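Novice: Position one of the sequence shown corresponds to residue 0 (numbering that gives the first Met the number 0), numbered consecutively onward.
Ideal placement from N, C-alpha and C gives every residue a C-beta, glycine not left out.
Predicted model, so just to flag it, every value in this text is computed and none were measured.
Next up is a structure, given as structure tokens.
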Amino acid sequence: MNFNIFEIPKKQLTKGISGRYVHSENMTIGFVSIDKGSVMPAHSHMHEQTTQVTSGKLEMTIDGVRQILEPGNITIIPSNAVHSAIAITDCEVIDTFCPVREDYK
Numbered sequence: 000m001n002f003n004i005f006e007i008p009k010k011q012l013t014k015g016i017s018g019r020y021v022h023s024e025n026m027t028i029g030f031v032s033i034d035k036g037s038v039m040p041a042h043s044h045m046h047e048q049t050t051q052v053t054s055g056k057l058e059m060t061i062d063g064v065r066q067i068l069e070p071g072n073i074t075i076i077p078s079n080a081v082h083s084a085i086a087i088t089d090c091e092v093i094d095t096f097c098p099v100r101e102d103y104k
């Protein structure tokens, strides 16, 4: 299958955070835009997740450990880990989830 990311409708996750999502049989890939100062509140989910910053600077806290992510950084968020994020600048990230995020379809 081939997808044009820019033709996928955006899904608003919270104020200042939206993504375009592609789903395979076993995973979901999100192309996420985050406005400077936007906050993804602390949450957890059963999905294992990776977050890769492609532009900007993002502060993430995973199970109480704070880290700063910049282009070239990727972090792994284990299943059920409590995590949150704050955009230090405007950011673009790629989130990958396994298994599929049915709630993002």
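Short check: CB of Gln51 to CB of Asn25, under 9 Å?
Specialist: Contact flag unset, no.
Novice: May I ask you to report which of helix, strand or coil DSSP gives Ile33?
Specialist: Three-state result, Ile33: strand.
Novice: According to DSSP, is Glu47 part of a helix, a strand, or is it coil?
Specialist: Correct three-state label for Glu47: strand.
Novice: Could you compute how far the alpha carbon of Gln66 sits from the alpha carbon of Thr27?
Specialist: Straight-line Cα distance between these residues: approximately 24 Å.
Novice: When we look at the beta-carbon of Met0 and count the other beta-carbons within 10 Å, is it buried (16 or more) or exposed?
Specialist: It counts as exposed.
Novice: Keeping to the same chain, check which residues put their C-beta closer than 7 Å to that of Ser78; ignore five residues upstream and five downstream.
Specialist: Result list for Ser78: Met45, His46, Glu47, in chain order.
Novice: Leaving out five residues on either side along the sequence, give the residues of the same chain with a beta carbon under 7 Å from the beta carbon of Lys10.
Specialist: Cβ neighbours of Lys10 beyond the five flanking positions: Ser17, Gly18, Tyr20, Tyr103.
Novice: Report the rounded CA-to-CA distance for Glu69 versus Phe30, giving the unit in angstroms.
Specialist: Going from the Cα of Glu69 to the Cα of Phe30 covers about 16 Å.
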